[in-house]
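Trainee:
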Amino acid sequence: MNLLILGSGGREHAIAWKSAQSSHLSKLFIAPGNAGTKSVGTNVDMDINDFKSVAEFALENKIDVIVVGPEEPLVNGIVDYFDSREDLSKITLIGPNKEAAQLEGSKDFSKKFMARHNIPTAKYATFTKDNINDGYGYLELMKPPYVLKADGLAAGKGVLILEDLKEAKSELKKMLTGSKFGKASSKVVIEQFLKGVEVSVFVISDGTHYKILPEAKDYKRIGANDTGLNTGGMGAVSPVPFANREFMDKVDNQVIIPTIKGLKKEGIHYSGFIFFGIINVKGDPYVIEYNCRLGDPETEVVMPRIKSDLLDLFDGIASGTLGERDIEIDPRSAATIMMVSGGYPEAYEKGKQIMGLKDFEKSVVFHAGTTENEEGAVLTNGGRVLAVTSYGRDLVKALKKSYETVDSISFDDANYRKDIGFDLL
Ligand code: AMP
Ligand code: GLY
Numbered sequence: 220m221n222l223l224i225l226g227s228g229g230r231e232h233a234i235a236w237k238s239a240q241s242s243h244l245s246k247l248f249i250a251p252g253n254a255g256t257k258s259v260g261t262n263v264d265m266d267i268n269d270f271k272s273v274a275e276f277a278l279e280n281k282i283d284v285i286v287v288g289p290e291e292p293l294v295n296g297i298v299d300y301f302d303s304r305e306d307l308s309k310i311t312l313i314g315p316n317k318e319a320a321q322l323e324g325s326k327d328f329s330k331k332f333m334a335r336h337n338i339p340t341a342k343y344a345t346f347t348k349d350n351i352n353d354g355y356g357y358l359e360l361m362k363p364p365y366v367l368k369a370d371g372l373a374a375g376k377g378v379l380i381l382e383d384l385k386e387a388k389s390e391l392k393k394m395l396t397g398s399k400f401g402k403a404s405s406k407v408v409i410e411q412f413l414k415g416v417e418v419s420v421f422v423i424s425d426g427t428h429y430k431i432l433p434e435a436k437d438y439k440r441i442g443a444n445d446t447g448l449n450t451g452g453m454g455a456v457s458p459v460p461f462a463n464r465e466f467m468d469k470v471d472n473q474v475i476i477p478t479i480k481g482l483k484k485e486g487i488h489y490s491g492f493i494f495f496g497i498i499n500v501k502g503d504p505y506v507i508e509y510n511c512r513l514g515d516p517e518t519e520v521v522m523p524r525i526k527s528d529l530l531d532l533f534d535g536i537a538s539g540t541l542g543e544r545d546i547e548i549d550p551r552s553a554a555t556i557m558m559v560s561g562g563y564p565e566a567y568e569k570g571k572q573i574m575g576l577k578d579f580e581k582s583v584v585f586h587a588g589t590t591e592n593e594e595g596a597v598l599t600n601g602g603r604v605l606a607v608t609s610y611g612r613d614l615v616k617a618l619k620k621s622y623e624t625v626d627s628i629s630f631d632d633a634n635y636r637k638d639i640g641f642d643l644l
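Just so we're aligned: the sequence shown equals residues 220 to 644 in our numbering.
1) Alpha helix (DSSP H) containing F579: first to last residue?
2) If you draw a straight line from the alpha carbon of K469 to that of V506, how long is it in whole angstroms?
3) Indicate the three-state DSSP secondary structure (helix, strand or coil) for G356 in the structure shown.
4) Start and end of the alpha helix (DSSP H) containing S538?
5) State the DSSP-derived secondary structure class of L643, mapped to helix, strand or coil.
6) So, helix, strand or coil for G426, using DSSP?
7) Helix or strand or just coil, what does DSSP make of I267?
8) How far does the alpha helix (DSSP H) with Y343 in it extend, from its first residue to its last?
9) Judging by CA-CA distance, which residue of D370, N510, G561 is the nearest neighbour of F202?
10) Just jot down, in chain order, the residues whose CB lies closer than 5 Å to any heavy atom of ligand 1.
11) Write down every uninterrupted run of the alpha helix (DSSP H) in the segment 251-305 whose length is 4 residues or greater and which is fully enclosed by it, in chain order.
12) Can you tell me the Cα-Cα spacing of I556 and A233, whole angstroms?
13) Determine the direct distance from the alpha carbon of Q240 to that of K526, and round the result to whole angstroms.
14) Report buried or exposed for Q321, applying the criterion of at least 16 other Cβ atoms within 10 angstroms of its Cβ.
15) Taking the alpha helix (DSSP H) that R612 belongs to, which residues open and close that run?
16) In this structure, how does DSSP classify H232 when only helix, strand and coil are distinguished?
17) Whose CA, out of V520, Y563, Y343, H586, lies closest to the CA of L413?
18) Less than 9 Å between the beta carbons of D162 and A403, yes or no?
19) Pull up the distance between the alpha-carbon of F579 and that of D327, whole angstroms please.
20) Measure from the alpha carbon of L225 to the alpha carbon of each residue in E290, F630, I536, T347, then state which is nearest.
21) Restricting to runs no shorter than 4 residues, where is the alpha helix (DSSP H) found entirely within the segment 450-490?
22) Can you have a look at P458 and say buried or exposed, based on whether 16 or more other CB atoms are within 10 angstroms of its CB?
23) If we ignore side chains and look at the alpha-carbon of each, how far apart do T215 and A277 end up?
24) Rounded to whole angstroms, what is the Cα-Cα separation between A254 and K501?
25) Tell me which residue opens and which closes the beta strand (DSSP E) that L381 is part of.
26) Based on the DSSP output, what are the partners of S560 in its beta bridges?
27) Mind checking which residues open and close the beta strand (DSSP E) that includes D515?
28) Looking at the structure shown, is Q572 part of a helix, part of a strand, or coil, going by DSSP?
29) Would you mind stating whether L598 and K571 have Cβ atoms separated by less than 9 Å?
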């Protein structure tokens, strides 16, 4: 199988790393990739939102399967573009079409979908600038904290959680009049605040069958004890102790099955990964959000825990026979620590040389934001720089190894959270 992975973060490095272990793999390309993906495949300098270029490259290089890492090309219709061209019909994309990707691309769409299929989620209502006064009224009826969500994609920043009613009203106005997130917030979902611990649940589906991948917990805030600004994610662990058999059975029966069946019933073809952002409210799962892709940094612990051949699962998608494939999960724990640039998630500098990188025996270092200069030195090239993953017999051991490896890597003004996983111990 010739494989092309689209994206340039730790998620894509982890998918590439796992794919490179497959006995089915012939050639592996990552577009645009980073300094880390170069060690397992060939990087391709390409704009992944330019579907025509992606198609040309795929034809020239006899690509069989394309894994779409981030949501943007999916929400913008890369799958529909490939479906529309006869000459691309033999290429399988791992990711949903534009309609199905609305599960992530429109919060209003996903809330309505959940309501139609009785999938547990927070109570909500959607507003536009035409009924902004109803929006104020709805806020008045709710208790703080107030949860406001931009309907469309807003680079992960579209959710506001506010304590003060006056502020919530003023933010609602900014969102609906376009001064906050532009078009993405021309509709705003206001929803009930749910209190609980979150877990990210992933499945891969061919539209009929599905396999549940290892679950993970992500640490979103920049500071220890979940304080400070939201980030893309500062670390992740898998498995998640509270997501035991009983809880995961509830997730399967109340969330995953109704989602897959609901999509099929509505004639929406969903093939690819589905990411269920779940919150555990007193032992019951509620959906916080859907994403049409894998999570980052969750993938950096999910991929290491998949024992089966990943390309065998992709082949199952290509042939619509995912139901016949096995997925075996590594019983060990995995923990990843994200090393970030000083200042992130606000302004930060790039181009700092990273010291101490090598093949570690006890850890795998996935590159998130790195590049290589002409002399072959690896430089920082983003807010999130490296995801340092280790296995352990238990979570404590996995974390210990990752932290030891983090200590041996350095770059100017590096930062990382020192409490990843500690809430679960
Ligand atoms: P999202 O951008 O949709 O991932 O939302 C960002 C974060 O906001 C989530 O990971 C949750 O921590 C939080 N969040 C979103 N919706 C709710 C809700 N209804 N209740 C509590 N927290 C929420
Ligand atoms: N780590 C959360 C996400 O990928 O959206």
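By construction, the Cβ of each residue, glycine as well, lies at the ideal position given by its N, Cα and C atoms.
Mentor: On the basis of the supplied data:
1) Residue mapping note: residue 579 aligns to position 360 of the sequence shown, counting from 1. Where F579 is concerned, there is no enclosing alpha helix (DSSP H), given that its DSSP letter is neither H nor E.
2) Residue mapping note: residue 469 aligns to position 250 of the sequence shown, counting from 1. Residue mapping note: residue 506 aligns to position 287 of the sequence shown, counting from 1. Distance from the CA of K469 to the CA of V506, rounded to the nearest whole angstrom, comes to 12 Å.
3) To locate residue 356, count along the sequence shown from 1; it is residue 137. DSSP places G356 in helix when its eight states are reduced to three.
4) By 1-based counting over the sequence shown, the position of residue 538 is 319. That run of the alpha helix (DSSP H) goes 529-538.
5) Stepping through the sequence shown from its first residue, residue 643 is reached at position 424. DSSP places L643 in the helix class (H, G or I) of the three-state scheme.
6) Reading the sequence shown from its first residue, position 207 is the one you call residue 426. It is coil, neither helix nor strand.
7) For the purposes of this step, residue 267 is taken as residue 48 along the sequence shown, with counting starting at 1. Annotated three-state conformation of I267 is coil, per DSSP.
8) The sequence position of residue 343 within the sequence shown is 124, counting from 1. Run containing Y343: none in the alpha helix (DSSP H); it sits in the beta strand (DSSP E), 343-346.
9) This structure leaves residue 202 out entirely; the chain is present only between 220 and 644.
10) Here the list is A341, V366, V378, E410, F412, L413, I507, E508.
11) Listed in chain order, the complete alpha helix (DSSP H) runs (minimum 4 residues) inside the segment 251-305 are 270-279, 291-294, 297-303.
12) To locate residue 556, count along the sequence shown from 1; it is residue 337. To locate residue 233, count along the sequence shown from 1; it is residue 14. Roughly 14 Å separates the two Cα atoms.
13) By one-based count along the sequence shown, residue 526 stands at place 307. By one-based count along the sequence shown, residue 240 stands at place 21. Approximately 10 Å between the Cα atoms of the pair.
14) As a position in the sequence shown, residue 321 is number 102, starting the count at 1. So Q321 ends up on the buried side.
15) Indexing the sequence shown from 1 puts residue 612 at position 393. Run containing R612: none; DSSP gives neither H nor E here.
16) Position 13 of the sequence shown, counted from the first residue, corresponds to residue 232. In this structure, H232 counts as helix in the three-state DSSP scheme.
17) Within the sequence shown, the letter at position 194 stands for residue 413. The alpha carbon of L413 has as its nearest neighbour, out of V520, Y563, Y343, H586, the alpha carbon of Y343.
18) Residue numbering for the chain in the displayed model covers 220 to 644; residue 162 lies beyond these limits and cannot be assessed.
19) Taking the sequence shown and counting its residues from 1, one reaches residue 579 at position 360. Taking the sequence shown and counting its residues from 1, one reaches residue 327 at position 108. Near 45 Å, if we compare the C-alpha coordinates of D327 and F579.
20) For the purposes of this step, residue 225 is identified with residue 6 of the sequence shown, where counting begins at 1. If we check each option's Cα against that of L225, E290 comes out closest.
21) For the segment 450-490, whole alpha helix (DSSP H) runs of length 4 or above, ordered along the chain, are 464-469, 476-484.
22) As a working mapping, residue 458 is identified with position 239 in the sequence shown. By the Cβ-count criterion, P458 is buried, with 16 or more other Cβ atoms from all chains shown falling within 10 Å of its own Cβ.
23) Look at the range of the chain in this structure, 220 to 644, and you will see that residue 215 is not part of it.
24) Translated into positions along the sequence shown, residue 254 becomes position 35. Translated into positions along the sequence shown, residue 501 becomes position 282. If you take the alpha carbons of A254 and K501, they lie about 43 Å apart.
25) Start at 1 with the first residue of the sequence shown, and residue 381 comes out as number 162. Start and end: 378-381.
26) As a first step, residue 560 must be located in the sequence shown, where it is residue number 341. Paired residues: A633.
27) As a working mapping, residue 515 is identified with position 296 in the sequence shown. The continuous stretches of beta strand (DSSP E) do not include D515, and DSSP gives it neither H nor E.
28) Within the sequence shown, the letter at position 353 stands for residue 572. Reduced to three states, the DSSP call for Q572 is strand.
29) The residue you call residue 598 lines up with position 379 of the sequence shown. The residue you call residue 571 lines up with position 352 of the sequence shown. Going by C-beta atoms, L598 is nearer than 9 Å to K571.
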